[in-house]
Structures are given as structure tokens and as C-alpha cells.
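Heads up: the sequence shown begins at 15 in my numbering, then just goes up one per residue. We treat Cβ as the ideally placed atom computed from N, Cα and C, and that holds for glycine. Encoded as C-alpha cells, the structure appears first; notes follow it.
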Amino acid sequence: MIGSKGVSFFNSVGGNVVAQVTGMGDNPSLSELIGPVKVMLQAYDEGRLDKLYIVSNKFINTMSQVPTITQLLPLPASEDDDLKRKAWDYLYEPDPKALLDTLLRRYVESQVYQGVVENLASEQAARMVAMKAATDNGGSLIKELQLVYNKARQASITQELTEIVSGAAAV
Numbered sequence: 015m016i017g018s019k020g021v022s023f024f025n026s027v028g029g030n031v032v033a034q035v036t037g038m039g040d041n042p043s044l045s046e047l048i049g050p051v052k053v054m055l056q057a058y059d060e061g062r063l064d065k066l067y068i069v070s071n072k073f074i075n076t077m078s079q080v081p082t083i084t085q086l087l088p089l090p091a092s093e094d095d096d097l098k099r100k101a102w103d104y105l106y107e108p109d110p111k112a113l114l115d116t117l118l119r120r121y122v123e124s125q126v127y128q129g130v131v132e133n134l135a136s137e138q139a140a141r142m143v144a145m146k147a148a149t150d151n152g153g154s155l156i157k158e159l160q161l162v163y164n165k166a167r168q169a170s171i172t173q174e175l176t177e178i179v180s181g182a183a184a185v
């Protein structure tokens with residue numbers, strides 16, 4: 015589990031949090047994520063987890079972020095029939111299992127890091143859009159208040175002129 019909001023949510027609903035990291039700030043590093051990812055992969059290898067998902071916001075652009083749920087493990091089956099027909103005879107160093115284990119670990123680490131970074135970008139974009147809207151609303155409020163002020167000032171000046179002219183006419 016990455017982030018305090020997710021941890022508090024899963025704790026409130028009684029979820030089993032296997033590993034967690036919080037307080038990453040605005041500059042997350044991969045080294046902060048390796049420990050929890052390692053714990054999750056170990057739990058998956060031991061059979062304590064059936065599936066591993068990442069839930070994050072996919073950053074599309076400044077105005078658009080989409081919440082996504084991506085299954086990391088087990089890897090979805092490939093739908094490419096060309097790969098099934100080809101038989102490759104390669105010699106792997108180290109052995110294929112060690113190579114695949116390393117690649118799988120790096121894949122999961124990179125997907126988790128990408129999720130964290132996109133989530134951070136989505137959060138910053140949402141803040142930026144909210145601040146722009148607040149600035150625009152403040153500007154329009156200032157214009158409205160300036161108009162009300164000018165009308166009140168004009169009414170006050172007109173009232174004073176009327177009193178001066180009335181006083182001069184009475185004399």
C-alpha cells in the first residue's frame with residue numbers, strides 16, 4: 015500500500031495491508047518503493063496473495079485524469095497468436111527462471127513507480143486547475159465589487175451635489 019489515504023481506507027474496511035509506504039512527498043524515488051514491492055512479491059510467491067493490482071490515476075493531460083485498476087500479477091495472457099506459433103531456441107545466461115524472476119520484479123517495480131508518478135502528476139494538475147478556477151472566480155468577484163463600489167460612490171457624490179445645490183437655492 016502506497017500513501018496514507020489508501021492505508022487509512024483499507025484499515026477502515028478491514029483490509030489486509032501486507033506492506034506500506036507513506037510520506038513520499040513530491041519527489042518519490044524508486045528506492046522508497048523497492049521494499050514494499052519486494053514484500054508484495056514475496057507474499058505472492060508464498061501464495062498469501064492471489065493477485066496483485068495497482069489502483070492509481072492515469073495522467074492523460076492537465077484537464078483529464080482517469081482512475082485505473084491494473085492487474086500486475088499474474089500477468090495477463092498474451093493474445094498474440096504469432097508468438098505461440100514461433101519456437102525460439104535461445105541459450106539464456108543465467109537460467110531462464112532466474113532471468114524471468116528478475117524481469118518480473120523489475121516490471122512490477124516500474125509499474126508501481128509509474129503509478130506513483132502519474133498519481134502525483136494528476137494530483138498536481140488537479141491542484142493547478144483548482145487554483146486557476148479560484149483565481150478566475152476571485153477576479154470576477156473583484157470586478158463585481160468594484161462595480162458596486164463605483165455605483166455607491168456615484169450615488170454619494172450625486173447626493174452631496176444635490177444637497178449643495180438645494181442649500182444654494184435656499185439662500
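Please state whether DSSP places residue i in a helix, a strand or coil.
i: T36; result: coil
i: Y104; result: coil
i: L161; result: helix
i: L114; result: helix
i: L66; result: strand
i: L86; result: strand
i: A91; result: coil
Name the DSSP bridge partner or partners of residue i?
i: V80; result: K72
i: I16; result: V35
Please name the residue, chosen from the options, that lies closest to residue i on a Cα-to-Cα basis.
i: V122; options: S26, F23, F73 and L44; result: L44
i: I83; options: T149, G29 and N133; result: N133
i: R62; options: A33, A144 and E177; result: A33
What residues in its chain sit with their C-beta under 8 Å from that of residue i, if we drop five residues either side in the sequence?
i: V31; result: M15, V21, F24 and N25
i: A169; result: none
i: E107; result: none
Tell me which same chain residues have a C-beta within less than 6 Å of the C-beta of residue i, skipping the five on either side of it?
i: T116; result: none
Between residue i and the rest of its own chain, which residues show a CB-CB distance below 7 Å, the 5 nearest in sequence each way excluded?
i: L5; result: Outside the displayed range of the chain (15 to 185) lies residue 5, so it cannot be described from this structure.
Under the assumption that residue i contacts residue j (Cβ atoms under 8 Å), give the Cβ distance between them as a whole number of angstroms.
i: Q85; j: K65; result: 6 Å
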